[in-house]
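S.K.: The structure's right below; bear with me while I get my questions together.
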Amino acid sequence: MRSLLRWGWVLLLGMVACASVTRPPRLIVLWHALDPGRGTALARLTEAYMAEHPDGAIYMEAFPGVRELLNRLQQPSERGPDLVLIPTEVVPELWGSGRLIPLRRWLEDPQHGLSAEEQDDLLASMTPGSIPFLRDGLIMYADEDRLMESGLEQLPGDWEGIRQVCLRGALDLNGDGRPDTAGWIAPRDGHVLQGWLARRSMAELRGWIEDMAFMLRTGCGRLMEPEAALRAFLEGETVILFGSTRWLSTLERETEAGRLKFRLMLAPLPAPSGQGETILPGWGWDLAITARDPDQQAAAWSFLRWAVGVEAQTRWAQDARSIPVRRAAALRLRQRAGAEARQSMVLSWALQGYFEEPPEGRSALSRLDEALNLLEGGADISAILERLQSASPP
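Structure below.
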């Protein structure tokens, strides 16, 4: 009898095991608007997750832009996304409209949440409805050869030094009175202006704006569309390039291939006056849960929790050419690269002084874009100040 009972239990356990094996994985739908390169990196990351979690299957839908994703998200649908990857500046809008699920219950889950130590290890702050996943920063790249020709051995640590590089590095090659090369070039992007203004008091803004307006007016400083700015630097048209940390991999690839005709130098941005510490202003994308079904929310949290782990962030940062959002991952990558590697320098700056303005919404970023356009167009200083003040957090 006991033998029959024993075999009965074995048979029952076998049936349960078979049922669990044949049960289809739970589908998790993830929407994003990343560029194709990072979209491919995200696909590889989700494949790694599914290999470790065969009970979950992630389907990604890519949108050509953030606006398209938001428009679709606001439309009634029987099957919307369970997760969205969105720029931080759109988080307040979606949170205010109730589209994002509060994360507190998941964060505080004793078994599957994020511990206090893990939360402290995040490079950027969480919001009630999102967790940082992808970050980039603003740094200075320089043509070391032309910098030395300008009489400097290293990149300046203040804006007065930037002004001197600007004036000395701008060359009028054809004698028409306008510089044919620039002292510095920067992308025409509100994130760049936000980075320039990071931790700068309103009291010192007027003087900074006057200096910036002068450099743009004389033509020694220039604003360009991002890809054009990077191309101009590669072609030797400027001494300094203010640019995304993401561009480092492109510049190193060009150096290794022998196509970069000058020595590359990096430095963090000049800190505001009176502040000697390193500063690395940044921006990025957050992951947020939008599923309404509790079981889908749990499945979405499982991926989100995994994606901000140290192992996943180490893998993701390498593949996406981004700054990891976990300090432990940044330390690991710096150790792998070696102390002298340029990547290690950038990671050190991030660990020492990563700074991100609180997400005030897309309207604040659009006002920064407006201020940048006014600055480039030679508008009155008061009008520029008004835009900047309206874009600043209260």
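If you're matching positions, the sequence shown starts at 6 in our numbering and goes up one per residue.
Note that the Cβ used here is the ideal one computed from N, Cα and C, for glycine as well.
A quick note: this is a predicted structure, and the numbers were derived from the prediction, not measured.
(1) Which residue wins for smallest C-alpha separation from A48, given the options L127, N76, D324, S249?
(2) Report the partner residues of V34 according to the DSSP bridge assignment.
(3) Starting from the C-beta of G195, find all residues in its chain whose C-beta is less than 6 Å away, skip the five residues before and the five after it, and write them out in chain order.
(4) Would you grab the beta carbon distance between L128 and I190 for me? Rounded to a whole angstrom, and I think it's under 8 Å.
(5) With three or more beta-carbon pairs closer than 8 Å as the criterion, would you say the stretch 323-342 touches the stretch 147-155?
(6) Does DSSP put G358 in a helix, in a strand, or in coil?
(7) Note down the Cα distance separating S353 from Q80, rounded to an integer number of angstroms.
(8) So what's F219 in DSSP terms, helix, strand or just coil?
(9) Look at L285 and Q357 and say whether their C-beta atoms are less than 9 Å apart.
(10) Looking only at its own chain, which residues have a Cβ that is under 7 Å from the Cβ of E123, when we skip the five neighbours before and after it?
(11) Ignore the nearest five residues each way along the sequence and tell me which others in L393's own chain have a CB closer than 6 Å to its CB.
(12) From G44, D385, R28, pick the residue whose C-alpha is nearest to that of M217; which is it?
(13) So, with DSSP's three-state summary, where would you put G382?
(14) Going by DSSP, name the residue or residues bridged to G287.
(15) Can you check the stretch 223-276 for any alpha helix (DSSP H) of at least 4 residues that lies completely inside it and give the ranges in chain order?
(16) Once DSSP output is grouped into helix, strand and coil, what is the label at L390?
(17) Are the stretch 114-123 and the stretch 195-215 in contact at 8 Å, needing three or more beta carbon pairs?
(18) By alpha-carbon positions, which one of T51, W306, Q159 ends up nearest to E113?
(19) Check L105 in the structure and name its three-state DSSP category.
(20) DSSP state of A22, grouped into three classes?
(21) Confirm the yes/no value for this check: CB of E345, any heavy atom of the ligand NAD, distance under 8 Å.
(22) Return yes when the Cβ of D126 is within less than 9 Å of the Cβ of R331, no when it is not.
(23) Who are the near neighbours of L160 in its chain, counting only those whose CB is closer than 6 Å to its CB and skipping five residues on each side?
(24) Cα separation between P69 and I91?
(25) Checking 9 Å against the spacing of the C-beta atoms, do L35 and R320 come in under that value?
(26) Ignore the nearest five residues each way along the sequence and tell me which others in S155's own chain have a CB closer than 7 Å to its CB.
(27) Within its chain, find whatever has a CB closer than 8 Å to the CB of G383; leave out the 5 residues flanking it on each side and keep chain order.
(28) Quick check on the DSSP output: the beta strand (DSSP E) that includes P92 runs from which residue to which?
(29) Taking the alpha-carbon of E362 as reference, which of A203, A262, A276 has the nearest alpha-carbon?
(30) Could you please give the first and the last residue of the uninterrupted alpha helix (DSSP H) stretch that includes G166?
(31) Comparing alpha-carbon positions, which option in D60, G44, D40 lies nearest I33?
(32) Can you give the Cα-Cα distance for W164 and A38, rounded to whole angstroms?
(33) Under 6 Å Cβ to Cβ from V89, same chain only, skipping five residues before and after it: list those, please.
(34) How many angstroms separate the CA atom of E57 from the CA atom of P107?
(35) Once the 5 residues before and after A333 are set aside, which same chain residues still bring their CB inside 6 Å of it?
(36) Tell me the DSSP secondary structure of T45 in three-state form.
M.R.: Answer, in terms of the structure:
(1) Walking along the sequence shown from the start, residue 48 turns up at place 43. Comparing Cα positions, the closest option is D324.
(2) Locating residue 34 in the sequence shown gives position 29, counting from the first residue. The beta-bridge partner set that DSSP reports for V34 consists of Y64.
(3) As a working mapping, residue 195 is identified with position 190 in the sequence shown. If we look at G195 and ignore the five residues flanking it on each side, its Cβ neighbours are L370, L373, D374.
(4) Translated into the one-based positions of the sequence shown, residue 128 becomes position 123. Translated into the one-based positions of the sequence shown, residue 190 becomes position 185. Not really, about 27 Å apart at Cβ, beyond 8 Å.
(5) Segments in contact, no.
(6) Along the sequence shown, one-based indexing puts residue 358 at 353. It is helical.
(7) As a position in the sequence shown, residue 353 is number 348, starting the count at 1. As a position in the sequence shown, residue 80 is number 75, starting the count at 1. When rounded, the distance between both Cα atoms is 43 Å.
(8) Here residue 219 refers to the residue found at position 214 when the sequence shown is read from its first residue. F219: helix per DSSP, three-state reduction.
(9) Here residue 285 refers to the residue found at position 280 of the sequence shown. Here residue 357 refers to the residue found at position 352 of the sequence shown. Yes, Cβ-Cβ distance for L285 and Q357 is below 9 Å.
(10) Sequence index remark: in the sequence shown, residue 123 carries index 118 (1-based). So no residue of the chain qualifies.
(11) For the purposes of this step, residue 393 is identified with residue 388 of the sequence shown, where counting begins at 1. Only A376 meet the Cβ criterion.
(12) Your numbering for residue 217 matches position 212 in the sequence shown. Among G44, D385, R28, the Cα nearest to that of M217 is on D385.
(13) Within the sequence shown, the letter at position 377 stands for residue 382. In the structure shown, G382 sits in coil (DSSP, three-state: anything other than H, G, I, E or B).
(14) As a first step, residue 287 must be located in the sequence shown, where it is residue number 282. The partner list for G287 (beta bridge, DSSP) reads G142.
(15) 231-239, 252-261
(16) As a first step, residue 390 must be located in the sequence shown, where it is residue number 385. Here L390 sits in helix by DSSP.
(17) The stretch 114-123 is not in contact with the stretch 195-215.
(18) For the purposes of this step, residue 113 is taken as the residue at position 108 of the sequence shown. Checked all of T51, W306, Q159; the closest Cα to E113 is W306.
(19) On the sequence shown, residue 105 is found 100 positions in, with the first residue counted as 1. Coil, per DSSP.
(20) Locating residue 22 in the sequence shown gives position 17, where the first residue counts as 1. Because A22 carries a pLDDT of 47, less than 50, the predicted location of this residue cannot be relied on, and no value is offered for it.
(21) This structure does not include the ligand NAD; it has no bound ligands of any sort.
(22) Residue numbering aside, residue 331 sits at position 326 when the sequence shown is read from its first letter. Residue numbering aside, residue 126 sits at position 121 when the sequence shown is read from its first letter. A contact, by the Cβ cut-off of 9 Å.
(23) For the purposes of this step, residue 160 is identified with residue 155 of the sequence shown, where counting begins at 1. Leaving aside the five residues that flank L160 on each side, the residues in its chain whose CB is nearer than 6 Å to its CB run, in chain order, M145, A147, A272.
(24) Your numbering for residue 69 matches position 64 in the sequence shown. Your numbering for residue 91 matches position 86 in the sequence shown. Going by the C-alpha atoms only, they are around 13 Å apart.
(25) The count along the sequence shown starts at 1 and reaches residue 35 at position 30. The count along the sequence shown starts at 1 and reaches residue 320 at position 315. At the C-beta level, L35 and R320 stay beyond 9 Å of one another.
(26) Mapped onto the sequence shown, residue 155 falls at position 150. Excluding positions up to five away in sequence, the list reads V170, R173, G174, V244.
(27) Counted from its first residue, the sequence shown places residue 383 at position 378. The residues are A218, L221, R222.
(28) On the sequence shown, residue 92 is found 87 positions in, with the first residue counted as 1. Per DSSP, the unbroken beta strand (DSSP E) holding P92 starts and ends at 88-92.
(29) Taking the first residue of the sequence shown as position 1, residue 362 is located at position 357. The shortest Cα separation from E362 among A203, A262, A276 belongs to A203.
(30) Looking up residue 166 in the sequence shown gives position 161. Counting along the chain, the alpha helix (DSSP H) containing G166 begins and ends at 164-174.
(31) Here residue 33 refers to the residue found at position 28 of the sequence shown. Checking every option, the nearest Cα to that of I33 belongs to D60.
(32) Indexing the sequence shown from 1 puts residue 164 at position 159. Indexing the sequence shown from 1 puts residue 38 at position 33. One C-alpha to the other measures close to 35 Å.
(33) Reading the sequence shown from its first residue, position 84 is the one you call residue 89. W36, A293, T295, listed in sequence order.
(34) Walking along the sequence shown from the start, residue 57 turns up at place 52. Walking along the sequence shown from the start, residue 107 turns up at place 102. Near 26 Å, if we compare the C-alpha coordinates of P107 and E57.
(35) Residue 333 sits at position 328 when you count from the first residue of the sequence shown. Taken in chain order, the residues that qualify are D126, V315.
(36) Position 40 of the sequence shown, counted from the start, is the residue given in the question as residue 45. Correct three-state label for T45: helix.
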